[in-house]
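Report on the following structure.
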Amino acid sequence: MGEEVKLQSVSLDDEEDAASAMENGNGLADAKVVVDVEGEGTGLLTGSAKKSATLDSDSEDEDDGVNKNNMNILIISSVMGNILEWYDFGVFASFSSELSHAFFTGGRLEEMLKVYGVFAAAFFARPLGGFLLGLIGDKYARTLSLQISVVAMGASALFISVLPTNTVGSYKIGPAATFLLVGARIIQGLSTGGEMVGSMLYMVENVPDGARCLVSAIPMSSAIAGTGMGYLVSAIITALVSEEQRILWGWRLAFFIGVPAGAVGFMFRSCLSESHSFAKASKDFSKRHGNQHPFFYAVRHCLPALLTICFLGMLVTGYYSGTTWYNQAWLEEFYTELVGEERALDKLHGRTINTLLLLGGLSMGTLVAAYVVDRNPQIPLHKYMIVSATSLVFFSPVALYLMSYGNECIACVVVGQSLSIALFVFTVATMSYWLCNLFPPTLQYTAIALSYNFGQCIFGGTVPFISTQISSNSSNVIAPAYYMSALALLGASALLMFRLESVKEMQQKLEIIMSS
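By the count of full-length UniProt numbering, the sequence shown reaches residue 516 at its end, each step adding exactly one.
Structure follows, in structure tokens:
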């Protein structure tokens, strides 16, 4: 990254030397000073989050974020919240067949379309959740937003686990149950809207420069792991109980298992304090601009960036929805109508494959890719994303074609799903860090959360629904893959148009405006 200066002891002269080293290094954003204070160990000051840092009494304040927020607590609090967030999405998607029987009536295709409509309801609520939690996170405290989101996720999971059904069992209340399910999904969407962005910003603000891409990828990796755990639980329940039992109570058990994660996540997040970089930026903004919320500066001056983030959210969630939640149901349900029962993938096989590839492939692959990015800082982040997104345009049909062999060739299904994941990891790994570097601290939360979730709302949550419509109206078994390719093309095009020079110009303009 930048120059590293190690001081064996700290005196007045050493402090001046250290401050000078930061100024004369590779810019304030890249300089690092490692201070070995006698009897106190080694501390790390980073320039990007601490541009006004010196090694006097302020240095202790600036390290408060890292010292108070023990790194283990920091990571666990982020991981638990994102696991719970996407565990519930994974459970809902994997049990979509059972939920369609419990809450809807009609033909098989009609039931699945309805349950995917409920699935999409959470995504439609995400922009509002991102905006509200972002307002709190930018104006007051990141930690408060993160606590609200994890409590709301845990409460909605508990509510769904005890919810009466529409049509099955003795515990049913008719169509009202469906409306309650939609309401619970909306609460999940509101809380999810601020969870991912809030946790990745908080992580980046509290860690050294040299590992920021890796650390910023932890929330995304844990979210993917949460989806994988949802599929793991569904696979275990599928292996142990009959389909009738799964329709009656199996899905309830799966949702209830996620509730303790919410309590643990809240406990850890209650121990966190605000990072110095954000607290200082928020205080400075309030002094200069009063009660005006900083988000409105982003709308006024950063529209190209907001639109690019919107398309990026569309690409990431749209492709993720297609390769994980939809593909399994496609192989289990709709493929039967297209090519016959004998080639439809067994539910247990489908859920097991998704579990292994999500946990061992996409989740761990994201961290490995982020580590590679940190080791090669000379390559711009957006280039990784452009290459990854462009490859998805061409290889999505190939991946789904391999998966279309279904029960006739399980290995082909694994290879097809693995291909989708391998091409996708660099987009997922670099996206978080790229987003965290676009805006000043007081703009980040709301600007990123609203625009990213807006893209997810329009395209991400609707992928299973739209793909189901495509499957039901086409004789081509891989037709949904062309829709995935179109999403990838839009995302890659947006990244190409919003070049690195545009980012630098926008940041310089914002710096002048925000400091005036």
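Think of the CB as a built atom: it goes at the ideal place given N, C-alpha and C, for glycine as much as any other residue.
Every value quoted in this text rests on a predicted model; they were computed, and no experiment measured them.
- When C-alpha distances from I309 are compared across S100, F498, Y87, A422, the shortest belongs to F498.
- Per DSSP, Q378 lies in no alpha helix (DSSP H) segment and is marked neither H nor E.
- By the neighbour-count criterion, in which 16 or more other beta carbons inside 10 Å mark a residue as buried, E243 falls on the exposed side.
- Comparing C-alpha distances from S363 to each of G154, V414, T390, F426 shows the shortest one belongs to F426.
- For a cut-off of 8 Å, the C-beta gap from F268 to I76 is around 5 Å, short enough to register as a contact.
- When C-alpha distances from S467 are compared across T165, F256, G318, the shortest belongs to G318.
- Taken through DSSP and simplified to helix, strand or coil, T165 comes out as strand.
- I478 is positioned such that its CB atom lies no closer than 9 Å to that of V414.
- Residue pairing of K172 in beta bridges, as defined by DSSP: T165.
- Per DSSP, reduced to three states, the secondary structure at F256 is helical.
- With respect to the 9 Å criterion, M229 and L487 are not classified as neighbours on the basis of their beta carbons.
- With fewer than 16 other CB atoms across the displayed protein chains lying within 10 angstroms of its CB, V162 is exposed.
- Taking C-beta separations shorter than 7 Å and ignoring five residues to either side along the sequence, the partners of L367 in its chain run L214, A217, S221, following chain order.
- Annotated as proximal: L248 and A102, with beta-carbon spacing under 9 Å.
- About 4 Å separates the Cβ atoms of V150 and G265, confirming a contact at the 8 Å cut-off.
- Closest in alpha carbon position to N82, among G258, V398, L232, A492, is G258.
- For secondary structure counted as the alpha helix (DSSP H) over 4 or more consecutive residues, the region 415-470 holds these complete runs in sequence order: 441-455.
- Taking the CA atoms as reference points, L135 sits about 44 Å from A239.
- Contact between the region 434-449 and the region 196-211 is present, with at least three C-beta pairs closer than 8 Å.
- A straight-line Cα-Cα distance of about 50 Å links S100 and Q378.
- Put simply, of Y433, F89, S145, Y231 the residue whose alpha carbon is nearest the alpha carbon of A121 is F89.
- Between the alpha carbons of T192 and L419 lies a distance of about 28 Å.
- Less than 9 Å divides the Cβ of V118 from the Cβ of R185.
- In this structure, the beta-carbon distance from L312 to L435 falls below 9 Å.
- By the 16-neighbour rule on beta-carbons within 10 angstroms, Q245 is exposed.
- Under the three-state reduction of DSSP, A141 is assigned to coil, being neither helix nor strand.
- Residue range 212-240 is occupied by the alpha helix (DSSP H) that includes V215.
- Cα atoms of L144 and G137: separation of roughly 7 Å, rounded to the nearest angstrom.
- In the same chain as C457, and ignoring 5 residues on each side of it, the C-beta atoms closer than 7 Å to its own belong to F123, F124, R126, P127, in chain order.
- Shown here, L180 sits in a helix according to DSSP, grouped into three states.
- In its chain, beyond the 5 residues on either side, L84, V150, M153, G154 have a beta carbon closer than 6 Å to the beta carbon of G262.
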